[in-house]
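Participant: So for the sequence shown, our numbering puts the first residue at 6; every next one is plus one.
Ideal Cβ placement from N, Cα and C applies to all residues, glycine included.
Model, not experiment: these values are computed from the prediction.
Here it is, the structure in full.
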Amino acid sequence: KLQDKVRHIPTPIIKKQLEAEFKKPVSELFLSFSERPIATASLSQVHKAVLKTGEIVAVKVRKPEVSEIVEKDIAILYELVNLIEARWISSKKYNPKDFVDEFAITIREELDFSLEARNAEKFAANFKTSKIVKIPKVYGEFTKEDVLVTEFISGIKINQKKKLESENFDKHLVASNGTDMALKQIFEDGFFHGDLHPGNIFVLEGNVVALVDFGMVGRIDRETMDELADVLLSLTKFNTDGIIRGLEKMEIVAADTDTKKIKREISKLIGRYYGLELKNLEIGKILTDVLEIIRKNDIRIPSDFALLFKTLITAEGTARDLDPEFNMVEHIQPFVKKLLSKKYAPREIVGQGVSIAQEVFEGLKNLPRNMDWLFRSIKQGKLFIGLEHRGLDRLDATIDRSSNRVSFSLIISSLIIGSSLIISVDKGPSIFGYPVLGITGFLFATILGVGLVISIIRGGRF
């Protein structure tokens, strides 16, 4: 209810703030400046204006003294956290202080409009070729820490269904475009709008969706994208084991968690949805139920994942509000499959193999120096003080043998990677349609691998 309808600050106060910031009267900054705000949020107020060059803009001004109020609120929250942790010992497993830390970081970032301007410019770059998404232009010369001037978006809010109908917009297409916009941010860009409520999404001519308010954003790396894709794909296929494995990879489910209990609860949950048609399957509802199971098992969701899941759930909710028959699964699957196809592409696998080989090589290169440091520390009594060391010669021989095996493994890995590259290039003499040199490399790697396994077995331990 407070998305953009908070009680507004009198316009003369807003004008004074602008004049103090730019050292000019408002009449010299703009051809016209609306007396009535077009939107008022908890931290800021937005007025419509016209620049001297004729462009219609939205002028977002931070409310006076809001920074001081926010800092006082943050201080109160920290006091409450201290009381909670002192009086409720078991609360520490939820890390309440971390929640306040994250909240403080996020809201301080929202107060800095120069940061929001950079976020908007990044979104604009990510959607520069898109025909279904509009990101407003930022006027950098008018942007300060407490003032942001952007292109004015003249459209209909995405939740104004009757108005959209009267203007003959295609609600199904609008829902699809808005959802694809959110999914692209998550699964392709790794940079997503963190406050995707209907008050921040407008519909323009041609069923184009426009975004505003870029103060809260989320970021995910490529590895997290892959893991999230695995979880969502498992959700759509009702694969309980896949969901658990994905949550473990995302480090939402810790190694010491009773996964059997969680698996039982998720299996019971999946049973309620199994057999439903795709159009009746709500990813947001299932995801919310899975997160509730995790919460009941005293597992804390990292803040970046909480924001990400919130974005997915909000996007589906907004789409279904426009079109009750909207099928989120149909929209998620292409993004997920595209991401997973990249993950398991031969070039990507070879690249990962080369990266692993480099890490192993670096580890081996540093091994002699690290072992030398270890033995010198032991001899000087800097390690394991008070313990008597016996059989260091045997330890030395064991380490030497282990190092040889690691080196041998590295050579085998290099042969496999090199042979894969030769086969993918497909050059030189061939046999049965494959390059002779590549086949030879694989055979040699196989012989060395078998020899290494026999050596380990004879040693009596794996």
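Can you give me the Cβ contacts of residue 160 inside the same chain, cut-off strictly under 6 Å, excluding the 5 residues immediately before and after it?
Facilitator: So the qualifying residues of the chain are 207, 208, 209 and 215.
Participant: Spatial neighbours of residue 257 within its chain, please: C-beta separation below 8 Å, excluding the five flanking residues on both sides.
Facilitator: For residue 257, where only same-chain residues beyond five positions count, the Cβ hits under 8 Å are 299, 304, 306, 307 and 310.
Participant: What do you get for residue 63, buried or exposed, if any count of 16 or more other CB atoms within 10 angstroms of its CB means buried?
Facilitator: Burial call: buried.
Participant: By alpha-carbon positions, which one of 40, 374, 372 and 320 ends up nearest to residue 203?
Facilitator: Answer by Cα proximity: 320.
Participant: Out of 262, 101 and 290, state which residue places its alpha-carbon closest to the alpha-carbon of residue 274.
Facilitator: Closest option to residue 274, Cα to Cα, is 290.
Participant: Identify, in the order they occur along the chain, each residue of the same chain with its Cβ nearer than 7 Å to the Cβ of residue 245, setting aside the five sequence neighbours on each side.
Facilitator: Excluding positions up to five away in sequence, the list reads 268, 271, 272 and 275.
Participant: Would the beta-carbon of residue 152 fall within 8 Å of that of residue 23?
Facilitator: For residue 152 and residue 23, yes; Cβs fall inside 8 Å.
Participant: Just checking my contact of residue 44 with residue 55 at CB under 8 Å: how many whole Å lie between their CB atoms?
Facilitator: Not really, about 17 Å apart at Cβ, beyond 8 Å.
Participant: Given a threshold of 16 other Cβ atoms within 10 Å of its Cβ, counted over all protein chains shown, does residue 58 qualify as buried or as exposed?
Facilitator: The residue is exposed, with fewer than 16 neighbouring Cβ atoms inside 10 Å.
Participant: Below 8 Å between beta carbons: does that hold for residue 185 and residue 336?
Facilitator: Yes; because the gap between Cβ atoms is below 8 Å, this pair is in contact.
Participant: Can you tell me which residues form a DSSP beta bridge with residue 196?
Facilitator: Beta-bridge pairing links residue 196 to 224.
Participant: In the DSSP assignment, what are the bridge partners of residue 50?
Facilitator: 45 and 66, per the DSSP bridge assignment.
Participant: Determine contact between the segment 92 to 103 and the segment 154 to 173, defined as no fewer than three beta-carbon pairs at a distance below 8 Å.
Facilitator: Flag = no, the segment 92 to 103 and the segment 154 to 173 do not touch.
Participant: Rounding to the nearest angstrom, what Cα-Cα distance links residue 317 and residue 189 in this structure?
Facilitator: Rounded to the nearest angstrom, the two C-alpha atoms are 11 Å apart.
Participant: Quick check on DSSP: helix, strand or coil for residue 157?
Facilitator: Residue 157: coil per DSSP, three-state reduction.
Participant: Look at the alpha carbon of residue 46 and the alpha carbon of residue 372, and state the distance between them as a whole number of angstroms.
Facilitator: If you take the alpha carbons of residue 46 and residue 372, they lie about 58 Å apart.
Participant: For the alpha helix (DSSP H) that contains residue 468, what are its first and last residues?
Facilitator: Outside the modelled stretch of the chain, which goes from 6 to 467, sits residue 468, for which no answer is possible.
Participant: Would you mind stating whether residue 116 and residue 75 have Cβ atoms separated by less than 8 Å?
Facilitator: Yes; because the gap between Cβ atoms is below 8 Å, this pair is in contact.
Participant: Using DSSP with H/G/I as helix, E/B as strand and the rest coil, what is residue 140?
Facilitator: In this structure, residue 140 counts as coil in the three-state DSSP scheme.
Participant: What separation, rounded to the nearest whole angstrom, lies between the Cα atoms of residue 219 and residue 77?
Facilitator: Distance between the alpha carbons of residue 219 and residue 77 is about 24 Å.
Participant: Give the range of the alpha helix (DSSP H) segment to which residue 296 is assigned.
Facilitator: 288 to 301 is the span of the alpha helix (DSSP H), which, as asked, contains residue 296.
Participant: Roughly how many angstroms separate the alpha carbons of residue 391 and residue 419, rounded to a whole number?
Facilitator: Reliability fails at residue 391, whose pLDDT of 49 lies under 50, so the model's placement of it is uncertain and the value that follows must be treated cautiously. The straight-line gap from Cα to Cα measures roughly 44 Å.
Participant: Mind checking who residue 162 pairs with in its DSSP beta bridge?
Facilitator: DSSP, once it has assigned bridges, lists 207 as partnering residue 162.
Participant: Given this structure, state the Cα-to-Cα distance separating residue 108 from residue 89, to the nearest angstrom.
Facilitator: Distance between the alpha carbons of residue 108 and residue 89: 17 Å.
Participant: Quick check on residue 251: buried or exposed, where buried means 16 or more other Cβ atoms within 10 Å of its Cβ?
Facilitator: Its Cβ being crowded by 16 or more others within 10 Å, residue 251 is buried.
Participant: Measure the CB-CB distance between residue 199 and residue 222 and report whether it falls below 8 Å.
Facilitator: Going by C-beta atoms, residue 199 is nearer than 8 Å to residue 222.
Participant: Is residue 459 buried or exposed, if buried means 16 or more other CB atoms sit within 10 Å of its CB?
Facilitator: Under this definition residue 459 is an exposed residue.
Participant: What is the DSSP secondary structure of residue 37, counted as helix, strand or coil?
Facilitator: If DSSP states are grouped into helix, strand and coil, residue 37 belongs with the strands.
Participant: What residues in its chain sit with their C-beta under 7 Å from that of residue 86, if we drop five residues either side in the sequence?
Facilitator: Same-chain partners within the cutoff: 101, 102 and 105.
Participant: Under DSSP, the beta strand (DSSP E) around residue 11 begins and ends at which residues?
Facilitator: That residue, residue 11, is in no beta strand (DSSP E); it is neither H nor E in DSSP.
Participant: Applying the 10 Å Cβ sphere with the 16-neighbour rule, what's the burial state of residue 110?
Facilitator: Answer is exposed; the Cβ neighbour count stays below 16.
Participant: Could you check what DSSP says for residue 217 in three-state terms: helix, strand or coil?
Facilitator: Of the three classes helix, strand and coil, the one that applies to residue 217 here is coil, per DSSP.
Participant: Identify, in the order they occur along the chain, each residue of the same chain with its Cβ nearer than 8 Å to the Cβ of residue 345, setting aside the five sequence neighbours on each side.
Facilitator: Result list for residue 345: 231, 234, 235 and 238, in chain order.
Participant: Given this structure, state the Cα-to-Cα distance separating residue 434 from residue 181, to the nearest angstrom.
Facilitator: For residue 434 and residue 181, the distance between alpha carbons rounds to 52 Å.
Participant: List the endpoints of the continuous alpha helix (DSSP H) containing residue 73.
Facilitator: 71 to 92 is the span of the alpha helix (DSSP H), which, as asked, contains residue 73.
Participant: Can you tell me whether DSSP reads residue 55 as helix, strand or coil?
Facilitator: Looking at residue 55 - three-state DSSP - the assignment turns out to be strand.
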